[in-house]
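In what follows, a structure is listed as structure tokens, so that the remarks can point back to it.
In this note's numbering, the protein residues as written are 151 to 743.
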């Protein structure tokens, strides 16, 4: 009975959609993901998309690949028993689908048959019980009523607890606490239960599998974790396999693959399965129509086309007329922006109320655009809302901020009293300038320690391009902005590239210039690289940042880095400065001379 209930829950994949979508049998579409054993649970302070761009360069041979079903089995030469595994990976990379496939293979009797019971307990549902006091037995009875008949305490039963989505956890896990719990019938606060289970005071023979986005991976101390694995998404062959499985017309699949390969920035993003799904949805529609219009070349264009497509699907379904497309998009955009600033991916009813959306309205929105915003009913009867992927949240947040500026004369980044007074005067006498908004957004993104506004910034700047304004008119009324504002923004970004020390930050700013259609610095550098004159040229700091950007986004693998290709003298001080500028390239090269 227990296995049958898990089978019902996990055999289908709702790809991007909630329960009212068209589910696919997981085994029909599942594409094996590239998972590696990671050295540590170290935290990266880069935006997740930058981490993907970095990982896409690392050759498959450099890491120890590991199959999802083998994560509790020691590798050859390893003799340690593995009790607790932490699997990290960026949003949308396939952690939850890996969990789903692991459970499905177990239920169907294919793998890990030494495990007697698997308890999947997603953090987003545990959050709904954070104020309760109960025993581990009670917790399991809540989620799995059929366990009331089972004896779980004995060591002969090998059980596995899967805690999916540590980054979504709103229960305060305090591993410094001395509150020990050894009996599964003893009651305690939910955080104390979880902590004792993970540490091994409760059910020491149980296996524990925790998944998390990289930024939250250190919430569990490293001494409690026996293996760290990393889901790296799709490798190059797996990307193609996904599109061929997803799109039945193989010649159309070929066209989509070759189109994506022609755009380096889009093809790198295809390491993320959710991005493959978004691209397949947009390109299948556009390339199969005769008059396809302009096919997306940038990330912003891809996401705006996706939003338009979803809005059109909603119109065909002809939901309640009282909610206009524009009203729905802007209200969701407000939630997206406010929660993005807070760093939240999962929202509860109180979060929505704060943004002026009542819960009945949220259910309507979730019905209208299941592929963008969804309402989930968990194993435990509580409601959770989320965007289908972090990047969709970032795109809608940017749309809301852009619209607030052009239509409502509001700069949402004007938080200080002086800024508010200034904005009010501008509202009285003239328009809030889009270039001022852009400058403020660039500054905010550069100040962010973990780069959480980097992709949002790319979207915000991409939305201000004139061709994009025309595209957006299909779903909302936009007042046109002054044409010179983007030129001011481009100049401001170039000034920032000249003055900031961080190569990582400047790489994102080059992506921003790309969104704005300015390729001047990059084209100049490409000429130097092609001609081999780069070591004769006396490059400025920003030009060296452009060299890094060009090398990291080129299709060629970085097998060998030779400093003598870039420097032409024996001035050690100068050479060291150039070496420091080129560190991101050196990190991705296989050998360094």
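Quick reminder that beta carbons are idealized off the backbone N, C-alpha and C, glycines included.
Cβ-Cβ distance between residue i and residue j below 9 Å
i, j, result
"residue 241", "residue 495", "yes"
"residue 276", "residue 375", "no"
"residue 402", "residue 363", "no"
"residue 539", "residue 428", "yes"
"residue 449", "residue 416", "yes"
"residue 508", "residue 535", "no"
"residue 266", "residue 321", "no"
"residue 323", "residue 344", "yes"
"residue 188", "residue 379", "yes"
"residue 611", "residue 636", "yes"
"residue 709", "residue 740", "yes"
"residue 487", "residue 551", "yes"
"residue 217", "residue 182", "yes"
"residue 476", "residue 625", "yes"
"residue 288", "residue 337", "yes"
"residue 728", "residue 711", "no"
"residue 459", "residue 435", "yes"
"residue 311", "residue 366", "no"
"residue 238", "residue 361", "yes"
"residue 603", "residue 732", "no"
"residue 479", "residue 549", "yes"
Status (buried if at least 16 other CB within 10 Å, exposed otherwise) for residue i
i, result
"residue 227", "exposed"
"residue 332", "exposed"
"residue 225", "exposed"
"residue 175", "exposed"
"residue 802", "Because the chain here runs from 151 to 743, residue 802 falls outside it and cannot be looked at."
"residue 245", "buried"
"residue 390", "buried"
"residue 431", "buried"
"residue 503", "exposed"
"residue 621", "buried"
"residue 313", "buried"
"residue 723", "exposed"
"residue 643", "buried"
"residue 688", "exposed"
"residue 693", "buried"
"residue 556", "buried"
"residue 617", "exposed"
"residue 295", "exposed"
"residue 605", "buried"
"residue 591", "buried"
"residue 273", "buried"
Through-space distance from residue j to residue i, alpha-carbon basis
i, j, result
"residue 660", "residue 734", "14 Å"
"residue 334", "residue 302", "9 Å"
"residue 234", "residue 654", "33 Å"
"residue 499", "residue 236", "30 Å"
"residue 369", "residue 658", "28 Å"
"residue 153", "residue 257", "6 Å"
"residue 410", "residue 598", "31 Å"
"residue 737", "residue 463", "44 Å"
"residue 396", "residue 179", "7 Å"
"residue 185", "residue 359", "15 Å"
"residue 703", "residue 292", "49 Å"
"residue 484", "residue 269", "36 Å"
"residue 412", "residue 254", "37 Å"
"residue 264", "residue 223", "12 Å"
"residue 743", "residue 541", "38 Å"
"residue 394", "residue 726", "47 Å"
"residue 570", "residue 232", "Below a pLDDT of 50, predicted positions are generally treated as unreliable, and residue 570, at 48, falls in that range; the measurement from the model is reported next regardless. Answer to the nearest angstrom: the Cα atoms are 56 Å apart."
"residue 560", "residue 586", "11 Å"
"residue 404", "residue 433", "11 Å"
"residue 589", "residue 505", "26 Å"
"residue 454", "residue 680", "35 Å"
"residue 594", "residue 400", "45 Å"
"residue 161", "residue 177", "8 Å"
"residue 730", "residue 438", "48 Å"
"residue 422", "residue 290", "33 Å"
"residue 578", "residue 554", "The pLDDT assigned to residue 578 is 41, lower than 50, so where the model puts this residue is not dependable; a value taken from the coordinates is nonetheless given after this. Rounded to whole angstroms, residue 578 to residue 554 spans 16 Å at the Cα level."
"residue 262", "residue 163", "21 Å"
DSSP beta-bridge partners of residue i
i, result
"residue 269", "311"
"residue 338", "284"
"residue 215", "186"
Any C-beta of chain B under 9 Å from that of residue i
i, result
"residue 407", "Of the protein chains in the structure, only one exists, and it is not chain B."
* To do: Tell me, please, whether the stretch 249-256 touches the stretch 375-385 by the rule of three or more beta-carbon pairs shorter than 8 Å.
  => Cβ pair count under 8 Å is below three, so no.
* Asked: Do the stretch 692-704 and the stretch 661-675 touch if we need at least three Cβ pairs shorter than 8 Å?
  -> The stretch 692-704 is in contact with the stretch 661-675.
* Between the stretch 377-386 and the stretch 338-352, do three or more beta carbon pairs fall short of 8 Å? -> Touching, no, given that fewer than three Cβ pairs across the two stretches are closer than 8 Å.
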